[in-house]
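Protein chains: 2
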Amino acid sequence: MKEDKEITIYDIARRLNISAATVSRSLKEHQSISTATRKKVHAMAKEMGYRTNSFARNLRTQQTHTLGLIVPRLNSYVVSSIIAGIENIASEYGYNIIISQSLGSAKKETSNINMMFDSRVDGLLVSLAYNAKNMDKFKMFFDKNIPVVFFDRGCEDPRSLNVVIDNYRNAYDVTRHLAEQGCSRIMHITGDLSTNIYEERFRGYKAALRDSGLSFSDDLLLVSDLTEKAGVDAGNHILQMTNKPDGVFAANDNCAAYCLQTLKEAGVKIPQEIAFAGFNNDPVSRIIEPNLTTVNYPCHEMGEVAAKCLIDHLSGTRTVDNANTVVLRSEIIARASSLRK
Amino acid sequence: MKEDKEITIYDIARRLNISAATVSRSLKEHQSISTATRKKVHAMAKEMGYRTNSFARNLRTQQTHTLGLIVPRLNSYVVSSIIAGIENIASEYGYNIIISQSLGSAKKETSNINMMFDSRVDGLLVSLAYNAKNMDKFKMFFDKNIPVVFFDRGCEDPRSLNVVIDNYRNAYDVTRHLAEQGCSRIMHITGDLSTNIYEERFRGYKAALRDSGLSFSDDLLLVSDLTEKAGVDAGNHILQMTNKPDGVFAANDNCAAYCLQTLKEAGVKIPQEIAFAGFNNDPVSRIIEPNLTTVNYPCHEMGEVAAKCLIDHLSGTRTVDNANTVVLRSEIIARASSLRK
DNA sequence: TTGTAGGCGTTATCAT
DNA sequence: ATGATAACGCCTACAA
Numbered sequence: 001m002k003e004d005k006e007i008t009i010y011d012i013a014r015r016l017n018i019s020a021a022t023v024s025r026s027l028k029e030h031q032s033i034s035t036a037t038r039k040k041v042h043a044m045a046k047e048m049g050y051r052t053n054s055f056a057r058n059l060r061t062q063q064t065h066t067l068g069l070i071v072p073r074l075n076s077y078v079v080s081s082i083i084a085g086i087e088n089i090a091s092e093y094g095y096n097i098i099i100s101q102s103l104g105s106a107k108k109e110t111s112n113i114n115m116m117f118d119s120r121v122d123g124l125l126v127s128l129a130y131n132a133k134n135m136d137k138f139k140m141f142f143d144k145n146i147p148v149v150f151f152d153r154g155c156e157d158p159r160s161l162n163v164v165i166d167n168y169r170n171a172y173d174v175t176r177h178l179a180e181q182g183c184s185r186i187m188h189i190t191g192d193l194s195t196n197i198y199e200e201r202f203r204g205y206k207a208a209l210r211d212s213g214l215s216f217s218d219d220l221l222l223v224s225d226l227t228e229k230a231g232v233d234a235g236n237h238i239l240q241m242t243n244k245p246d247g248v249f250a251a252n253d254n255c256a257a258y259c260l261q262t263l264k265e266a267g268v269k270i271p272q273e274i275a276f277a278g279f280n281n282d283p284v285s286r287i288i289e290p291n292l293t294t295v296n297y298p299c300h301e302m303g304e305v306a307a308k309c310l311i312d313h314l315s316g317t318r319t320v321d322n323a324n325t326v327v328l329r330s331e332i333i334a335r336a337s338s339l340r341k
Numbered sequence: 001m002k003e004d005k006e007i008t009i010y011d012i013a014r015r016l017n018i019s020a021a022t023v024s025r026s027l028k029e030h031q032s033i034s035t036a037t038r039k040k041v042h043a044m045a046k047e048m049g050y051r052t053n054s055f056a057r058n059l060r061t062q063q064t065h066t067l068g069l070i071v072p073r074l075n076s077y078v079v080s081s082i083i084a085g086i087e088n089i090a091s092e093y094g095y096n097i098i099i100s101q102s103l104g105s106a107k108k109e110t111s112n113i114n115m116m117f118d119s120r121v122d123g124l125l126v127s128l129a130y131n132a133k134n135m136d137k138f139k140m141f142f143d144k145n146i147p148v149v150f151f152d153r154g155c156e157d158p159r160s161l162n163v164v165i166d167n168y169r170n171a172y173d174v175t176r177h178l179a180e181q182g183c184s185r186i187m188h189i190t191g192d193l194s195t196n197i198y199e200e201r202f203r204g205y206k207a208a209l210r211d212s213g214l215s216f217s218d219d220l221l222l223v224s225d226l227t228e229k230a231g232v233d234a235g236n237h238i239l240q241m242t243n244k245p246d247g248v249f250a251a252n253d254n255c256a257a258y259c260l261q262t263l264k265e266a267g268v269k270i271p272q273e274i275a276f277a278g279f280n281n282d283p284v285s286r287i288i289e290p291n292l293t294t295v296n297y298p299c300h301e302m303g304e305v306a307a308k309c310l311i312d313h314l315s316g317t318r319t320v321d322n323a324n325t326v327v328l329r330s331e332i333i334a335r336a337s338s339l340r341k
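Protein chains in written order, with the UniProt record's numbering: chain A, 1 to 341; chain B, 1 to 341.
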């Protein structure tokens, strides 16, 4: 297959009449090598088109300079933005990233985790599809002291590092906001409640109802997969309810937008009859009319912080004091879809 | 760092009183090994918690089973969806993916290419930020016969494989459609024209104008970075034009949507005064009102086809006959933003 | 400052 | 069907 032989440090050594060790050290800018030799080596390496063989080095050093990334799905606004942030930092520090998505399949998620382990990544960045009841899947990483950083969706295991936002608080704020705008029957559209972010948002929502003197009932909760279609379905569902809500808080903007749109097309006045709020500050939230009240999710920052946290950990430079959980700032953005004044 | 020693095939061999070679062969399901031995080996490997060391194997076999992925930016609807498709196929065939983004920096793009080369990827999947005048950057890949598949934005080099859509044709169709709806001054908002997709769309647009008996003038062309902000700016620009267009074809939906929104807020009637069309079939195109006429971009399919094409090539199974360019089907979707009847 | 030599864990080529 | 052995290319004590 390969056209010509790969150049090795031995080839360089031969041409320069020095030892391979000297070449190796020169390439690594080792202190103990004279500047003259170093220069010669670099020049020759360049001339001969040498490239270091990372396998040989990895095999020797037992390090890969590669980070594993596991997410539920790659093509979502939040996830892809987080990844962009991760890539920024990783490339700055010379780390490669291997990606994988589970697409909601627990089986694929497990196989991805194993794949990452077999690829011997130096560390792992994970956003779990569902709340793992136990962290057995990651046991091998913990056992070998391979750091695992959970982002977006955190993980309760004390051995894990977490980079998250305060889902409870944000959901609480959004729901209170809706209540303050005069809503008394606030519906919550969310994802699988075994996923901690959705569970936390649900708790925040319920707490806000309680603190606002409003009551919760099961018909106010709609669990879906939060897709576009789920939004449309939710809208149609609401249209058929006899006792309609006067407020909706959806756990993501995309679903909220399509739900809102469906209702609007059926003649429902937003926000007068039903006030709306979403989550994420997705671009659609600024296109839908009325613009969607939402929560500003610091995606890019989260990616950068998570990657930095992992890399710091790998270099022994723990900046994240003793805390094993970083909570990023995020806040509600009130827009027309919920403002009734 | 590591807790306990890694298990090697030698450890397994010792425990089983056989040779390491036999263990290696058993693990690979080699024909010449008795079923009994194979079973024993597998059982013992599992019991001892063995995992193959891919570096050693890579070092030996000179293969990485890793694909490199280079894109302008990771967090866009089109790109993230393509990546999702790539991941699907890659993981099915047991390939890892390392990602990188250039963020529009030619320097970072070059450094990413080099990084991929040094990582010794088996093949490369590339969407170039700008049209490279020369393919020198990829010379090292071509020289070593490492296959490079260009997707989204193709590449003219005869040694490259391409997976693209017909940008010229789609742009032509969209523009003709606008003309048929009665537009006579159709503006084109696009990205850097040194990027081939934008150049092709521009050509398709101009050809359609000509074939519709309309004339082109420089004030009908607006080059931007196609971001949200560029859309708003474009809208404001149009508002200030004395001789306003009566149709707008933007090279991406996100930009089109924000432009449309800006005009609408200023009281411009869409599509009566200005008809609109975008490109990509991004979710925002179905949220903006009126819904945006656009071109259905087969992102997911493109990712899958590109990955499949690369992997086939690696295994010597060229399915893509002699053609080195695959053009995926894509078509215009007419929606309210351009329908004047 | 530089050289020598052994080993990282596999796979592949010979043998047996 | 299995074993012995030599690479693969690099790093790093230890020596000089």
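Cβ atoms here follow ideal geometry from the backbone N, Cα and C, with glycine treated the same way.
Since the model is a prediction, treat every value here as computed from it, not as a measurement.
Pull up the CB-CB distance for residue i and residue j, whole angstroms please, since I reckon it's below 8 Å.
i	j	result
C259 of chain A	A234 of chain A	4 Å
V148 of chain B	L124 of chain B	4 Å
A307 of chain A	A90 of chain A	5 Å
A336 of chain B	P290 of chain B	3 Å
T325 of chain A	G154 of chain A	7 Å
N243 of chain B	V78 of chain B	N243 of chain B to V78 of chain B, Cβ: 33 Å. No contact.
Is residue i helix, strand or coil by DSSP?
i	result
L328 of chain A	strand
L171 of chain B	In the sequence as displayed, the identity of residue 171 of chain B is Ala instead of Leu. The answer is helix: DSSP assigns A171 of chain B an H, G or I state.
T190 of chain A	strand
F141 of chain B	helix
I238 of chain B	helix
S315 of chain B	coil
I86 of chain A	helix
A56 of chain A	helix
I9 of chain A	helix
T227 of chain A	coil
G247 of chain B	strand
I99 of chain A	strand
F151 of chain B	strand
L128 of chain B	coil
V78 of chain A	helix
residue 401 of chain A	The requested residue 401 of chain A does not occur in the structure, where chain A is confined to residues 1 to 341.
I113 of chain A	helix
V23 of chain B	helix
V305 of chain B	helix
G123 of chain A	strand
A277 of chain A	strand
residue 429 of chain B	The structure shown does not extend to residue 429 of chain B, since chain B is modelled only from 1 through 341, so no value can be given for it.
N252 of chain B	coil
L161 of chain A	strand
Once you ignore the five residues that flank residue i on each side, which residues in its own chain have a CB closer than 7 Å to its CB?
i	result
I7 of chain B	M48, G49, Y50
N112 of chain B	I70, S100, S102
K40 of chain A	L16
I33 of chain A	T22, R25, S26
R340 of chain A	Q181, G182, P271, Q272, A275
residue 342 of chain A	Any answer about residue 342 of chain A is impossible in this case: the structure gives chain A only from 1 up to 341.
Enumerate in chain order the residues of its own chain whose CB-to-CB distance from residue i is below 8 Å, with the five nearest sequence positions on each side excluded.
i	result
E200 of chain A	N167, Y168, A171
L226 of chain B	I189, T190, G191, A250, A251, N252, N254, C255
S330 of chain B	I165, D166, N170, V295, N296, Y297, P298
Skipping 5 residues on each side, what residues in its chain have a beta carbon closer than 6 Å to that of residue i?
i	result
I86 of chain A	G303, A307
L239 of chain A	A266
S81 of chain B	C299, H300
D152 of chain B	S127
Contact set between the region 136–153 of chain B and chain A, restricted to residues whose Cβ is under 7 Å from the partner | D143, K144, N145
Scan the region 273–297 of chain A for residues whose Cβ lies nearer than 9 Å to a Cβ of chain B and list them as they occur along the chain.
-> D282, P283, V284, R286, I287, I288, E289
Residues from the region 45–56 of chain A in contact with chain B, defined by Cβ distance under 9 Å = G49, R51, T52, N53, S54, F55, A56
Residues, ordered as in the chain, of the region 92–104 of chain B that lie near chain A by beta-carbon distance below 7 Å = Those residues of the region 92–104 of chain B that come within reach of chain A (Cβ to Cβ, closer than 7 Å) are N96, I97, I98, I99, S100, Q101.
Selection of the region 10–33 of chain A by Cβ proximity to chain B, strictly under 7 Å | none
Give the residues from the region 219–252 of chain B that approach chain A closer than 9 Å (Cβ to any Cβ), ordered along the chain.
-> E228
Just by C-beta distance, which residues in the region 109–122 of chain B are closer than 7 Å to chain A?
-> F117, D118, S119, R120
At a Cβ cut of 8 Å, what residues of the region 64–76 of chain A count as close to chain B, listed as they run along the chain?
-> Answer set for the region 64–76 of chain A: T64, T66, R73, L74, N75, S76.
Listed in chain order, which residues of the region 170–186 of chain A have Cβ atoms closer than 8 Å to some Cβ of chain B?
-> Of all residues in the region 170–186 of chain A, none has a Cβ within less than 8 Å of some Cβ in chain B.
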